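Sequence order for the protein chains is A, B, C and D. The first sequence runs 16 to 323 under the working numbering. The second sequence runs 16 to 323 under the working numbering. The third sequence runs 16 to 323 under the working numbering. The fourth sequence runs 16 to 323 under the working numbering. Just so it is clear, CB atoms sit at the ideal spot from N, CA and C, and this is done for glycine as well. It should be emphasised that the depicted structure is a prediction, and the values quoted were computed from it without experimental measurement. Input: a single structure, listed below in structure tokens.
There are 4 protein chains.
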Amino acid sequence: NEVNTQFGHYLIGIGKAEFDIRSIGNLPGIKDIHRVSDAYKLVSKKWKVEDTVIDLGDGVRIGTGHFAVMAGPCSIESEEQIASTIEHLQANGIKIMRGGVYKPRSSPYSFRGLGIDGLKMWYEQTREAGIKIITEVMMTEQIDAMIDYVDIFQVGARNAQNFNLLDALGKVDKPVLLKRGISGTVEELLQAAEYIFSNGNERIMLCERGIRSYESAYRNTMDLNAVAILKEKSHLPVIADPSHGIGVRRFVDKIALASVMAGADGVIVEVHQRPEKAFSDGQQTLSYKEAERLYSRLRQTYGLRESF
Amino acid sequence: NEVNTQFGHYLIGIGKAEFDIRSIGNLPGIKDIHRVSDAYKLVSKKWKVEDTVIDLGDGVRIGTGHFAVMAGPCSIESEEQIASTIEHLQANGIKIMRGGVYKPRSSPYSFRGLGIDGLKMWYEQTREAGIKIITEVMMTEQIDAMIDYVDIFQVGARNAQNFNLLDALGKVDKPVLLKRGISGTVEELLQAAEYIFSNGNERIMLCERGIRSYESAYRNTMDLNAVAILKEKSHLPVIADPSHGIGVRRFVDKIALASVMAGADGVIVEVHQRPEKAFSDGQQTLSYKEAERLYSRLRQTYGLRESF
Amino acid sequence: NEVNTQFGHYLIGIGKAEFDIRSIGNLPGIKDIHRVSDAYKLVSKKWKVEDTVIDLGDGVRIGTGHFAVMAGPCSIESEEQIASTIEHLQANGIKIMRGGVYKPRSSPYSFRGLGIDGLKMWYEQTREAGIKIITEVMMTEQIDAMIDYVDIFQVGARNAQNFNLLDALGKVDKPVLLKRGISGTVEELLQAAEYIFSNGNERIMLCERGIRSYESAYRNTMDLNAVAILKEKSHLPVIADPSHGIGVRRFVDKIALASVMAGADGVIVEVHQRPEKAFSDGQQTLSYKEAERLYSRLRQTYGLRESF
Amino acid sequence: NEVNTQFGHYLIGIGKAEFDIRSIGNLPGIKDIHRVSDAYKLVSKKWKVEDTVIDLGDGVRIGTGHFAVMAGPCSIESEEQIASTIEHLQANGIKIMRGGVYKPRSSPYSFRGLGIDGLKMWYEQTREAGIKIITEVMMTEQIDAMIDYVDIFQVGARNAQNFNLLDALGKVDKPVLLKRGISGTVEELLQAAEYIFSNGNERIMLCERGIRSYESAYRNTMDLNAVAILKEKSHLPVIADPSHGIGVRRFVDKIALASVMAGADGVIVEVHQRPEKAFSDGQQTLSYKEAERLYSRLRQTYGLRESF
């Protein structure tokens, strides 16, 4: 397999035979060669020991050494809501705004988002404000229309193994945040990332957002073990989503801070001017005041972690 | 919401207010009116007590009273393999052949199927033999190319909540077999079916294929409770997939027969001329001899069940 | 390890070194020698290919070739209730009555059973009727008091890894029915049985009663894969508990019959004169009329299975 | 229900009827009265808003405001091992030593601990050193023999619903650390604590030690959501067990620190002079050097949390 990305040119050989990899390493034009025993190859830390840092431009970086906070509403709802959110983000030095314009919903009768028009409206306001956009893409056909208005494509938990979508996002020169499946394994998440990388896109973030378990005291089971392990297995940045990870507003704070200690490179949190009036996910969305307290604690916790 | 399908014209009203549904029922042009308390509406048995029977033409029917066996390889591999399978099916009176031409694979480096050319080759041979085709569709863009060669579109477990795909299949006049998600709930499966129905396609089958659990003694945990419950909650046919449901060849037989007793309207099983040489899923694929024994037992078990 | 049971004398050697087992097999007094690669040894089918049949006396046998039905209320409640149940069992040729006198309850404030006096009362009535008793033992200290009144000791799901209780039951000359843990693995169930056997008691039944999963459409997830696999891995009889396995009365019938097709050697079902008035588990308990229909179907289904 | 504990006298009334609780509150001798809607009553925060702090004597306290570290080997192995551990604990200001003398093991052929003699040997050394002992009790019959040598009785995950053991520990005047079941719910853990409290023992700690899930990249799934929720639902101290919670030595550190941020009142960690030679659980046991680094980080993280 031959892979060309934004940053390099890779040849991946998969086989069972034992041979001396140095025989290839000495060929002309080969910079480096590694044996990767993991099922995934390009996203493994076995060949790329140095962690990947994703540069969004304008000094916004995500990855080891650059803790990222992405905040915003579950759904983009109105011009007024966007403006209010941007103001909140700017007041707190947050550079990346989350929000959904295409919403995967269990029921066909639920609100499904404002679509591409909502995205354009959102884009206009963020450009002026110097804020980056992360939003979910649900199908291959949406990519072309969205690409000029998006800084990070998000792949949702329900599409974590939508392999055609992953293939397509591998051919795009925009970073991708890839959520773990509803009950995805760590291995499956890394394999999904391998789909994107092996199609040519190296700028991938892995996102832990809680898994499905038998416990009904909360929404999902936040799996911070996975955060710790992903940081060891892969060179890609790992983002925690405490909003979905526990799904109850008053605990989002604690789980966000715990994620930092488990090794996360950033968090993505749901914030809304009036959570109780949000079109979706209100029960897990922070108010501005709660969010501000969280941002401050996140910085202190990250600072302590980095001092270790 | 207004829904037009092959068979009818439906109006769905969703709201919280209590009102006398008879006031609508008496309007001109209204044939019947029901209150459906389930989150899903059109696929619920609460308004359609009579079970849906899907007619594939040529006397092939699926649903209550018409036990269906769908058999064939995991992947379509070659002309010779197709011919051999067809011969096996005809010798056993099986009318529906399964097989994958687009294969969802965890790793990007695995065999991903023969694609549309494989489907056309397959189609030619089955037409002559009078055999129907069921095969997986993975993305909206594939539908148009596939539609003339397919009798049943299958939605795989990894796409069980790919809502755009479900929307698109709702606009197509071909039956759809919808697999439960890797760790999908019964409710999510019914909501996914509601996506298809509410877009205009009434011909849907629900498929139990095992769920993900902590147990590692087998591949998936076949959930026959779900089969029993789906038959009560919905009017749609329920198909069991024992091959994926346990994932070990020598137990497929027992789980298939158990599925019948749990209420399944049919089974879909993996069969191959030489399972140990299959491109994929060999470990759970039956040989022709094993399959023949199973077909006979299925008929006897179904006969006993119907006598109750 | 040296093990003496009712039926034999065993020496178990555990080690990593490779050696020729024939060197031991030839020693005087050695009847037979086997290498068992499973983590469990004595309960494995690797050395005892012939299935164990447990003889309760009076012609009541459990195991391959002797399908067992155990029926009765969740809790023993009164003399009148016992008399009514016995009459029902006798009318249907059922020889083993289930019922709880010590009830494990999640809350300390729930009804916890009639205790030893309830057992004695029950015993008197069953002796006259020639009915065998199976009931749960919850702690080692109860064994001595119970032993004269019990035909089969049941170990509940919550005690599936109460190793001291298992040790103690290994020293008793009464059969034991061992339930799989709330989320026990197949391997753990076999290891728990190994505790009993290695303490000297060979008469053990394994019981599948559903596992805990994320699904909330029913009580537990009946795992019929486990039934099929246990029959292959062990020589011990396997009993299915469809009442707990799905936990909803109107589906118990289907799951019981499915269990037979999956390979169960018997079923244990909850039956009550007036399920809606039962002290516990009423929602999953059959009425006499429902039970009678089930007994008849079980016999027919077992008959068909044996004809295969 | 009438409950007498070390600290108070409680009357618990359970019923469905609505009535004015003030009518009881005014009776002579009644200090206070509360309506508790939770299934558990005495362990609920609904009546006791102030968190419970457990005093072990000698200035050792556990609960809000008193972060506790319990450290030591999985199994007590030898006099030399105990001496070495005590020296390590003293050098780091740790006051509570963990260790098993009765070990619950899946296989009857594994090492099952040194038993009561091991406990006495251990006790002698700790008394001199002023170190408190926490160790697991597996059955009611062990309590009397152990009680003089134990400061905290630990109930293991496999006995989390061994209700007779819980009853018995409720009658003892020693604190109890109660582990969540292998796949126990938050509600079941609180109900188990209710068993102890309602038998007369108020000094209970709840312990999160990871739950069983489908993920096989680590041993258990540490559920920090549960830590956050337990702190809200109950007034009892909550201890985290990161060693079992992830089960891999090099991640114990991160998960321990994350537990602090999630709200834990303490941690219990496995430490051994030479983890690779430990009789059990070596793969998740820290070396002294790793443990020392962890103790320091725990203090800093707790300090930061308390500053919020």
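Give me the chain A residues within the contact set of residue i, using Cβ-Cβ distance strictly less than 7 Å, ordered along the chain.
i	result
residue 228/C	229
residue 29/B	124
Name the chain A residues that come within less than 9 Å of residue i, Cβ to Cβ?
i	result
residue 244/D	232, 233, 261, 263, 266
Give the interface partners of residue i over in chain B, defined as CB-CB distance under 9 Å, in chain order.
i	result
residue 98/C	Result: empty, since nearest Cβ-Cβ is about 30 Å, beyond 9 Å.
Tell me, please, whether the CB atom of residue i is closer than 7 Å to any CB atom in chain A?
i	result
residue 59/B	no
residue 269/D	yes
residue 102/B	no
residue 177/B	yes
residue 112/B	no
residue 173/D	no
Give me, in chain order, the residues of the same chain whose beta-carbon lies closer than 7 Å to that of residue i; leave out the 5 immediate sequence neighbours on both sides.
i	result
residue 12/B	In the structure displayed, chain B extends from 16 to 323; residue 12/B sits before or after that span and is not available.
residue 155/A	179, 180, 183
residue 267/D	257, 258, 261, 284, 299, 301
residue 140/C	97, 98, 101
residue 129/C	91, 116
residue 227/B	197, 198, 235
Can you list the residues of chain C that residue i reaches, using a CB-CB cut of under 7 Å?
i	result
residue 303/D	Those do not exist, as residue 303/D stays about 30 Å from chain C at its closest Cβ, beyond 7 Å.
residue 316/B	276, 319
According to DSSP, what are the bridge partners of residue i?
i	result
residue 70/D	76/D
residue 59/A	249/A
residue 84/C	282/C
residue 310/C	None, per the DSSP bridge assignment.
residue 24/A	19/A
residue 90/B	115/B
Between residue i and the rest of its own chain, which residues show a CB-CB distance below 8 Å, the 5 nearest in sequence each way excluded?
i	result
residue 184/A	152, 158, 168, 170, 191, 211, 214, 216
residue 58/B	205, 208, 209, 212, 219, 249, 250, 251
residue 175/C	193, 194, 195, 196, 197, 199, 203, 204, 207
Going along chain A in order, which residues have a C-beta closer than 8 Å to the C-beta of residue i?
i	result
residue 202/D	232
Name, please, each residue of chain D whose Cβ falls closer than 9 Å to the Cβ of residue i.
i	result
residue 237/C	Ordered by position in chain D, no residue passes the 9 Å Cβ test against residue 237/C, which lies about 16 Å from the chain.
residue 93/A	Near residue 93/A there are no residues of chain D at all, since even the closest Cβ is about 32 Å away, more than 9 Å.
Using a beta-carbon distance below 7 Å, is residue i in contact with chain D?
i	result
residue 323/A	yes
residue 195/A	no
residue 142/A	no
residue 224/A	no
residue 213/C	yes
residue 312/A	yes
residue 198/C	yes
In chain C, what lies closer than 9 Å to residue i by C-beta?
i	result
residue 218/D	By Cβ distance, chain C contributes nothing, its closest Cβ being about 17 Å from residue 218/D, past 9 Å.
residue 44/B	Result: empty, since nearest Cβ-Cβ is about 37 Å, beyond 9 Å.
Taking 7 Å as the CB-CB cut-off, is residue i touching chain C?
i	result
residue 240/B	yes
residue 161/D	no
Excluding the 5 residues flanking residue i on each side, which residues of the same chain have their C-beta closer than 6 Å to its C-beta?
i	result
residue 76/B	68, 70
residue 241/A	201, 223
residue 99/D	288
residue 113/D	85, 87, 149, 283
Which residues in chain D have a C-beta closer than 7 Å to the C-beta of residue i? List them in chain order.
i	result
residue 272/A	276
If the cut is a Cβ gap below 7 Å, which residues of chain B does residue i touch?
i	result
residue 76/C	Within chain B, no residue comes near residue 76/C; the closest Cβ sits about 23 Å away, beyond 7 Å.
residue 54/A	122
Applying a beta-carbon distance threshold of less than 8 Å, which residues of chain B neighbour residue i?
i	result
residue 206/A	121, 122, 123
Can you pull the chain D neighbours of residue i, defined as C-beta to C-beta under 8 Å?
i	result
residue 210/C	123
Whole runs of the alpha helix (DSSP H) within the stretch 249 to 306 of chain C, excluding any shorter than 4 residues: 257 to 261, 264 to 277
Alpha helix (DSSP H) runs contained entirely in the stretch 178 to 254 of chain A, provided each spans 4 or more residues: 178 to 184, 201 to 213, 239 to 248
Sequence ranges, beta strand (DSSP E) only - wholly within the stretch 95 to 175 of chain A, length at least 3: 111 to 113, 147 to 151, 167 to 170
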